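Protein chains in written order, with our numbering: chain S, 308 to 498; chain C, 308 to 498.
Glycine included, every Cβ here is placed at the ideal spot set by N, Cα and C.
Keep in mind the model is a prediction, meaning the values are calculated, not measured.
Number of protein chains: 2
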Amino acid sequence: MAETREQIIGLADELIRERGFNAFSYSDISEPLGIRNSAVHYHFPTKADLGEAVVDAELERVAGFRRELGGLPGDEQLKQLVSVFYKSSKLRLICLMGSLTPDYNTFEEPLRGKVGEMCKEVLSWVTEALGKAREEGRLRFEGEARDRALLVISSLLSSLLLSRVLGKETFQRMLDQVLQDLGAAWRIKDI
Amino acid sequence: MAETREQIIGLADELIRERGFNAFSYSDISEPLGIRNSAVHYHFPTKADLGEAVVDAELERVAGFRRELGGLPGDEQLKQLVSVFYKSSKLRLICLMGSLTPDYNTFEEPLRGKVGEMCKEVLSWVTEALGKAREEGRLRFEGEARDRALLVISSLLSSLLLSRVLGKETFQRMLDQVLQDLGAAWRIKDI
DNA sequence: GTCTATATTCCGATAGAC
DNA sequence: GTCTATCGGAATATAGAC
Numbered sequence: 308m309a310e311t312r313e314q315i316i317g318l319a320d321e322l323i324r325e326r327g328f329n330a331f332s333y334s335d336i337s338e339p340l341g342i343r344n345s346a347v348h349y350h351f352p353t354k355a356d357l358g359e360a361v362v363d364a365e366l367e368r369v370a371g372f373r374r375e376l377g378g379l380p381g382d383e384q385l386k387q388l389v390s391v392f393y394k395s396s397k398l399r400l401i402c403l404m405g406s407l408t409p410d411y412n413t414f415e416e417p418l419r420g421k422v423g424e425m426c427k428e429v430l431s432w433v434t435e436a437l438g439k440a441r442e443e444g445r446l447r448f449e450g451e452a453r454d455r456a457l458l459v460i461s462s463l464l465s466s467l468l469l470s471r472v473l474g475k476e477t478f479q480r481m482l483d484q485v486l487q488d489l490g491a492a493w494r495i496k497d498i
Numbered sequence: 308m309a310e311t312r313e314q315i316i317g318l319a320d321e322l323i324r325e326r327g328f329n330a331f332s333y334s335d336i337s338e339p340l341g342i343r344n345s346a347v348h349y350h351f352p353t354k355a356d357l358g359e360a361v362v363d364a365e366l367e368r369v370a371g372f373r374r375e376l377g378g379l380p381g382d383e384q385l386k387q388l389v390s391v392f393y394k395s396s397k398l399r400l401i402c403l404m405g406s407l408t409p410d411y412n413t414f415e416e417p418l419r420g421k422v423g424e425m426c427k428e429v430l431s432w433v434t435e436a437l438g439k440a441r442e443e444g445r446l447r448f449e450g451e452a453r454d455r456a457l458l459v460i461s462s463l464l465s466s467l468l469l470s471r472v473l474g475k476e477t478f479q480r481m482l483d484q485v486l487q488d489l490g491a492a493w494r495i496k497d498i
């Protein structure tokens with residue numbers, strides 16, 4: 308099936324976010340899908356190839372969000388992004404940035420470059436959304452939009468990591484504080 | 308040597324923060340130290356035992372900081388903590404929280420518990436320092452000190468992760484913004 | 001595209017001598 | 001405490017049949 312390829316990518320994405328890139332194996336992919344090790348290698352000759360495909364899929368998702376949501380007020384765009392992370396927190400999955408950047412030094416090109424692209428693309432989106440929201444008077448913050456975006460992304464990324472250890476409620480406590488600081492009109496409960 | 312044990316712990320700490328717990332091997336430890344695989348196993352029968360020892364050492368370092376710095380103003384305690392992270396950023400090493408929480412699901416007890424202790428201990432310290440600093444009128448922020456501490460830790464942790472991908476200067480940009488938000492009297496350049 | 005079968009390498013871990 | 005030697009297993013990856 309051509310669909311097998313997509314199933315592999317989806318499962319790899321989940322495994323990376325549950326246990327980390329270096330902690331899952333080809334059998335973690337093949338067994339649940341009822342196929343063999345070698346069938347996975349047919350689609351993705353090396354593990355790095357599979358990693359690249361997972362990151363590419365994320366890049367496409369982000370591009371899709373920007374296309375779909377670009378017309379919304381900046382804080383509404385942020386709301387959608389926070390919503391994605393909120394769902395992850397409930398599943399106890401971390402995000403690809405939080406999973407792949409710690410392992411960055413174990414990767415080679417071109418996977419490293421792909422991880423960099425992904426982070427820059429998310430940063431670009433959040434920077435744009437925050438800048439727009441401030442212009443619209445819907446959010447308020449000091450400093451450059453890019454620096455604020457780094458801190459917002461930081462909170463989203465870390466809240467998933469810390470929620471694992473400190474408890475699920477950590478996500479809401481952290482994000483509600485961020486939203487209060489930004490003067491947002493909504494909170495996690497409104498998502 | 309009784310010193311060998313400490314050298315192993317120190318090297319393991321560095322490897323965990325450079326490449327991640329699941330990406331280093333016993334030979335990464337034994338070769339640089341000029342000993343054999345089995346000598347490492349003598350000191351730490353399993354890899355999880357070694358992980359626990361690394362986290363225990365970190366717990367002692369944090370306890371030491373709290374003992375030594377407890378009398379200082381809250382923002383001065385924060386300055387010392389930020390200084391530790393600043394040095395890591397220059398070495399392109401992440402922190403143990405940023406390295407071990409993504410791998411948390413691959414650990415078993417008692418390593419999981421140790422990682423939890425470590426995060427809670429850091430959180431307790433930062434909460435105390437921020438609360439004290441606000442009472443002293445040396446920092447200002449909204450909300451509970453614990454929630455603010457979560458965001459400060461988040462910024463420190465994430466800045467090391469993102470610096471790898473976006474460049475070393477990311478640390479300074481993020482932390483200076485955090486310090487401005489807190490109304491701190493100092494910046495990264497003052498460290 | 002998926003299979004069987006296997007090559008290769010590496011890893012964590014242990015036994016027993018010194 | 002460290003060594004030599006080795007075990008058992010798992011991991012990534014490939015060759016060739018179907």
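Distance between residue j and residue i (C-alpha atoms, nearest Å)
i        : j        : result
Glu375/S : Lys386/S : 14 Å
Ile316/S : Leu366/C : 39 Å
Val389/S : Gly377/C : 37 Å
Phe448/C : Gly438/C : 10 Å
Gly358/S : Leu489/S : 35 Å
Glu428/C : Val362/C : 11 Å
Trp493/S : Ala370/S : 25 Å
Ala360/S : Gly420/S : 13 Å
Glu310/S : Glu416/S : 27 Å
Ile342/C : Met404/C : 29 Å
Ile498/C : Thr434/S : 28 Å
Asp454/C : Thr477/S : 9 Å
Glu286/S : Asn344/C : No information on residue 286/S is available, as it lies outside the stretch 308 to 498 that chain S covers here.
Glu424/C : Leu340/S : 37 Å
Ser412/S : Asn412/C : The sequence as given places Asn at residue 412/S; Ser does not occur at that position. C-alpha separation (whole angstroms): 21 Å.
His348/S : Glu443/S : 50 Å
Thr353/C : Thr353/S : 29 Å
Distance CB(residue i)-CB(residue j) smaller than 8 Å
i        : j        : result
Ser395/S : Ile323/S : no
Phe328/C : Asp410/C : yes
Ser337/C : Ala346/C : yes
Glu313/C : Leu400/C : no
Ala436/S : Gln384/S : yes
Val459/C : Val422/C : no
Ser466/S : Ser461/C : yes
Leu553/S : Phe351/S : Not covered by the structure: residue 553/S. The range shown for chain S is 308 to 498.
Leu457/C : Leu430/C : yes
Asp382/S : Ala452/S : no
Thr408/S : Leu468/C : yes
Gln487/C : Gly450/S : yes
Lys496/S : Lys397/S : no
Cys426/C : Leu473/S : yes
Pro380/C : Arg441/C : no
Arg373/C : Trp432/C : yes
Phe414/S : Ala364/S : no
Check: residue i C-beta below 7 Å from any heavy atom of the ligand COA
i        : result
Ala370/C : Among the ligands in the structure shown, none appear at all, so the ligand COA cannot be discussed.
Which parts of the segment 420-493 of chain S are runs of the alpha helix (DSSP H), unbroken and 4 residues or longer, counting only runs that do not cross its ends? List check, alpha helix (DSSP H) in window: 452-473 and 476-489.
Where in the segment 363-429 of chain S do unbroken runs of the beta strand (DSSP E), each at least 3 residues long, occur, reported from the N-terminal end onward? Entirely contained in the segment 363-429 of chain S, not one beta strand (DSSP E) run reaches 3 residues.
List, from N- to C-terminal side, the alpha helix (DSSP H) runs of 4 residues or more that fit wholly inside the segment 331-362 of chain C. Runs of the alpha helix (DSSP H) inside the segment 331-362 of chain C: 333-340 and 344-350.
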